[in-house]
Amino acid sequence: MSNKCIRMERQLMVGVKVLLRNKQGKYLLARRNPKKYPEVGPKWDIIGGRIDVGSSLMENLKREVMEEVGLELTDTPALLAAQDILRVPDRHVVRLTYHASIEGEPAADNEENTEVRWFSLSELRSMPEQELDSYLMEILHQGILPKVVTT
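Numbered per the working numbering, the sequence shown spans residues 444 to 594.
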């Protein structure tokens, strides 16, 4: 009997996300459309997506914010966290999460998100795990959000 090593190739992708904060100190989340994101389901998540090759991270971040909620960033986003997203067996996504201020009222695009809403930090922290994206929850539990965003 021979021992064969089976190597599974993973597709490497880079994604950018942004935790948007308004002047009232609330954070913008979008409820993901489960038809487009069956691996995530209808969970609340922050705005963003995979990068387009050949465009800068900031160009991609600005594009995602405009596409998903119809708003423009009002300041330069700062890097908050880097995470490995391993939801799908053949895909490895490196997710770069930023934070930034924003003005205006968002609108859900309905293809990617079914709803958008502002949440206070205490509302986010008390949200049931099954309602919130696990990678956003990881950031909240690390305690890096209040140190960076509210200073």
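Cβ coordinates follow ideal geometry from the N, Cα and C atoms, glycine included.
Roughly how far, in whole angstroms, is the beta-carbon of residue i from the beta-carbon of residue j, given that I think they are within contact range, below 8 Å?
i    : j    : result
I494 : N503 : 4 Å
D576 : K486 : 5 Å
V459 : E510 : Contact doesn't hold; Cβ gap of about 12 Å is too wide.
L516 : A543 : 5 Å
Would you please verify whether the beta carbon of residue i is less than 9 Å from any beta carbon of chain C?
i    : result
E581 : In the structure shown, chain C does not exist; there is a single protein chain.
Tell me whether residue i counts as near the ligand GTP, meaning its Cβ is closer than 8 Å to at least one heavy atom of that ligand.
i    : result
T540 : You won't find the ligand GTP in this model; it holds no ligand whatsoever.
Does residue i come out as helix, strand or coil in the three-state DSSP assignment?
i    : result
E572 : helix
Q454 : strand
V531 : coil
N556 : strand
V508 : helix
Q526 : strand
Y470 : strand
I582 : helix
L514 : coil
I489 : coil
If we call anything under 9 Å between Cβ atoms a contact, is residue i one with residue j?
i    : j    : result
R530 : E482 : yes
N574 : K479 : Note that residue 574 is Glu in the sequence shown, not Asn. Result no, Cβ atoms of E574 and K479 do not sit closer than 9 Å.
G492 : L514 : no
R560 : L455 : no
I582 : L463 : no
K469 : F562 : yes
Only counting the same chain, and skipping five residues up and downstream in sequence, which positions put a Cβ closer than 8 Å to that of residue i?
i    : result
Q585 : A524
E558 : A473, R474 and A551
Might you give, ordered along the chain, the residues of its own chain that have their beta carbon closer than 7 Å to the beta carbon of residue i, omitting 5 neighbours on each side?
i    : result
R453 : D533, R534 and H535
N556 : A473, R474, R475, N476 and E511
I587 : L523 and A524
T594 : The predicted position of T594 is uncertain, since its pLDDT is 37 and thus under 50; a value taken from the coordinates is nonetheless stated next. Correct list: empty, nothing qualifies.
L500 : V459, I494 and L539
Y578 : Q526, I528 and R538
Which residues in the same chain as residue i place their Cβ atom closer than 6 Å to its Cβ, once the five residues preceding and following it in sequence are excluded?
i    : result
T540 : K460, L523 and A524
M580 : none
Would you check if the stretch 518-534 and the stretch 564-572 touch, i.e. whether three or more CB-CB distances between them fall below 8 Å?
-> no
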